[in-house]
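Positions 778 to 911 (the working numbering) are the ones given, in order, by the sequence shown. Note that CB positions come from ideal geometry on N, CA and C, so glycine has one too. Notes to accompany the following structure.
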Amino acid sequence: MFFGTLSPDLALPAVATRDIAAVAARLLLDSTWTGQEEVPLLGPEDLSSNDMAAIAAEVIGIPVRYQQIPLQAFKDQLTGAGLSEAMAQGMLDMMIAKDNGLDLGVARMPQHAIDTPTTFRQWCEDTLKPAVQG
């Protein structure tokens, strides 16, 4: 089981950290690039927490479920782990904004799947499954 504050069926962009690193390295090494520009990295698909749980369960072969938790419980976990009240509130505010569509402001284009090709299923195969099978 994994926990979060997001609505279970809210599909959001899912991007692998290795894809973010690859794009960052490519841009940093590109001597022809100048100026400032937004570079949205959305991954190849939008997934909900329920989608992720189902995919993870299929890959690792054991039941996985997402459980939405109350906002106050999330904040209490953060302060219980040592975060300041202000930092915990900031994290809580970010999760509320995400649940209200913060991450849906960029239209998905074919380039997103090219720049950030790793699917969540592939990440589960490459990273999660070996970690679970230990």
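Separation of residue j from residue i, as counted between CA atoms
i	j	result
residue 834	residue 797	25 Å
residue 893	residue 790	11 Å
residue 891	residue 830	25 Å
residue 816	residue 825	23 Å
residue 878	residue 850	21 Å
residue 866	residue 902	34 Å
residue 910	residue 795	21 Å
residue 880	residue 814	18 Å
residue 778	residue 845	10 Å
residue 908	residue 780	19 Å
residue 873	residue 802	31 Å
residue 788	residue 809	36 Å
Cβ-based neighbour list, residue i, same chain, cut-off 8 Å, excluding 5 preceding and 5 following
i	result
residue 827	785, 786 and 843
residue 832	824, 897, 898 and 901
residue 800	816, 818, 892 and 893
residue 806	none
Own chain, CB closer than 7 Å to residue i, minus 5 neighbours either side, in chain order
i	result
residue 819	790, 792, 883, 885, 889 and 893
Beta carbon of residue i nearer than 9 Å to that of residue j
i	j	result
residue 895	residue 821	yes
residue 841	residue 898	no
residue 782	residue 876	yes
residue 855	residue 871	no
Endpoints, beta strand (DSSP E) assigned at residue i
i	result
residue 844	843 to 845
residue 822	822 to 824
residue 840	Per DSSP, residue 840 belongs to no beta strand (DSSP E) and is neither H nor E.
residue 806	Segment 794 to 806 is the alpha helix (DSSP H) holding residue 806; no beta strand (DSSP E) there.
residue 791	789 to 791
Cutoff 6 Å; reference residue i; Cβ partners in own chain excluding five residues on either side
i	result
residue 906	836 and 837
First through last residue of the alpha helix (DSSP H) which encompasses residue i
i	result
residue 907	906 to 910
residue 887	887 to 892
residue 867	862 to 876
Any non-hydrogen atom of the ligand HEM within 8 Å of residue i CB
i	result
residue 825	As far as ligands go, the structure on display features none, and thus does not contain the ligand HEM.
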